[in-house]
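Anchor point for the sequence shown: position 164 equals 151 in the working numbering, and the numbering is continuous, going up by one each time.
To start, the structure itself, in structure tokens.
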Amino acid sequence: AKKHPDQTFLHLPLLLGCQLNSPMVELYRQRYPHHRIVVGADGTLEFLLSGNLRLSVEQLSAMLLEAAIETAKTFLDDDSVDNSTTRNGSKSEFEVAIATPPFWGQAERGAILRAAQYAGIPAARLVNNNAAVALNYGNSILSSLGSKPQSRTFFDLGASFTVSTAASYQKVTGSNNFQTYLLRILGTGYDPALGTFDFIERLINAGKSPVTMDASSVAKARVEAGQLFRVLSANRRAGSMTRDQLRTKVADLLNRLRRPVEMMTSLAGDVTRSSSSDTLLMGGGS
-12 AKKHPDQTFL
-2 HLPLLLGCQL
8 NSPMVELYRQ
18 RYPHHRIVVG
28 ADGTLEFLLS
38 GNLRLSVEQL
48 SAMLLEAAIE
58 TAKTFLDDDS
68 VDNSTTRNGS
78 KSEFEVAIAT
88 PPFWGQAERG
98 AILRAAQYAG
108 IPAARLVNNN
118 AAVALNYGNS
128 ILSSLGSKPQ
138 SRTFFDLGAS
148 FTVSTAASYQ
158 KVTGSNNFQT
168 YLLRILGTGY
178 DPALGTFDFI
188 ERLINAGKSP
198 VTMDASSVAK
208 ARVEAGQLFR
218 VLSANRRAGS
228 MTRDQLRTKV
238 ADLLNRLRRP
248 VEMMTSLAGD
258 VTRSSSSDTL
268 LMGGGS
């Protein structure tokens, strides 16, 4: 990324399903002015590279999906992948679920499904990433669940967006005393344009004037600012900067973190105030 920023494409989900005049495209151009974004023959966004080479956002996303699938497979037992079968005993293909932001609409979801097809995943299923987080956590507390709902709150500060979610869990007994477990998403709040990238960018522009460097220098500065941000998250001082100084520089961003929580609370009502026993931090920036 530092040596070849013109061949590095970050935060692609911001552009999936967008039109050229979308606010997200404008935001992306502000972050990465060295990239040239154009409209392709089919109406989708493309990056115009040297030699008049074009790569669509969906094609680049397909490459990321292929890499993500290979990473996911390393966490599974080889037998569960290679020897999976359907209920009737026939051989089944490896099934893939793609987690997407809860604020995505049909355009963005359609774009990621096309990217999945490019990656050779024609039967991919989509699930909201906050629901996926809640489901994964729920598997770890099944033994403690009863007929009374238990609530949890999840706060997810990612690289490019923030999501806050309230969920409830309970054991349900149906006919013939069949027991199962119920997960309900009670409320969701989000800021689609606030992530750790914004905090890191604030560190780069901490001087009196904004940073105006070539793409490679900016990429290097972002890496160093990211390291400083991580150090200050665990220590009171890093070099000449203190954590209190960092908080002052990002005070407006910290205030924006309240909005997803307030949105979630307004949807979930009193449940989050009265019965939520735990708040869990998710995401690399939390």
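Using N, Cα and C, we set each Cβ at its ideal position, and we do this for glycine too.
Spell out the partners DSSP gives D143 in its beta bridges.
In DSSP, D143 forms a bridge with V150 and M269.
Note down the Cα distance separating A98 from L(-1), rounded to an integer number of angstroms.
Looking at the two C-alpha atoms, the distance is approximately 11 Å.
Tell me which same chain residues have a C-beta within less than 6 Å of the C-beta of S151, skipping the five on either side of it?
Short of 6 Å from the beta carbon of S151, and not among the five residues preceding or following it, lie these beta carbons of its own chain, in chain order: F142, G176, P247, V248 and M251.
Just tell me which of V114, G271 and L181 has its CA closest to the CA of G92.
Nearest to G92 by C-alpha distance, out of V114, G271 and L181, is V114.
For P136 and Y156, believed in contact at Cβ under 8 Å, the rounded distance
Separation of the CB atoms of Y156 and P136 is rounded to 7 Å, and the pair is thereby assigned contact status at 8 Å.
Please go through the same chain and pick out, in chain order, the residues whose beta-carbon is closer than 8 Å to the beta-carbon of G107, but skip the five residues on each side of it.
Same-chain partners within the cutoff: E53.
Here's the rule: buried if 16 or more other CB atoms are within 10 angstroms of the residue's CB, otherwise exposed. What is A49?
It counts as buried.
For D178, which option in N242, E211, T149 and N8 has the closest C-alpha, if you only look at C-alpha atoms?
Checked all of N242, E211, T149 and N8; the closest Cα to D178 is T149.
D231 versus R217: straight-line alpha-carbon distance, rounded:
Taking the straight line from one Cα to the other gives about 14 Å.
May I ask you to verify whether the region 6 to 23 touches the region -11 to -2, counting CB pairs closer than 8 Å and requiring at least 3?
Because the criterion of three Cβ pairs below 8 Å is met, the region 6 to 23 and the region -11 to -2 touch.
If you measure from the CB of S203, is any heavy atom of the ligand COA nearer than 7 Å?
In terms of ligand content, the structure shown is empty, and the ligand COA therefore cannot be addressed.
With a CB to CB cut of under 6 Å and the five nearest residues on each side skipped, what residues in its chain are close to A208?
Excluding residues up to 5 positions away in sequence, I191 lie with their Cβ nearer than 6 Å to the Cβ of A208 in the same chain.
Bounding residues of the alpha helix (DSSP H) (the contiguous stretch that carries E188):
T183 to I191 is the span of the alpha helix (DSSP H), which, as asked, contains E188.
From the DSSP output, in three-state form, read off G174 for me.
Three-state DSSP puts G174 in a strand.
Just to confirm, are G125 and Y168 a CB contact at a threshold of 8 Å?
Their beta carbons are under 8 Å apart, which means G125 touches Y168 by this criterion.
Where does D185 land, buried or exposed, given buried means 16+ other C-beta within 10 angstroms?
So D185 ends up on the buried side.
C-beta contact flag for L3 and E95 at 8 Å:
Yes, these two residues count as a Cβ contact at 8 Å.
Can you give me the C-alpha to C-alpha distance between S196 and L170, rounded to a whole angstrom?
Legend: pLDDT at S196 = 46, less than 50; position of this residue unreliable, no value from coordinates given.
Nearest-angstrom Cα separation, counted from L173 out to L254
One Cα belongs to L254, the other to L173, and the distance between them is close to 7 Å.
Run the CB neighbour count on N123, radius 10 Å, all protein chains shown included, and call it buried at 16 or more, exposed below.
Classification of N123: exposed, given that the 10 Å Cβ count is below 16.
If you scan the region 10 to 55 from start to end, which runs of the beta strand (DSSP E) of 3 or more residues do you find wholly inside it?
Qualifying beta strand (DSSP E) stretches, in chain order: 24 to 26, 32 to 35 and 41 to 43.
Given a cut-off of 8 Å on the beta-carbon distance, is the pair G182 and G145 in contact?
G145 is positioned such that its CB atom lies closer than 8 Å to that of G182.
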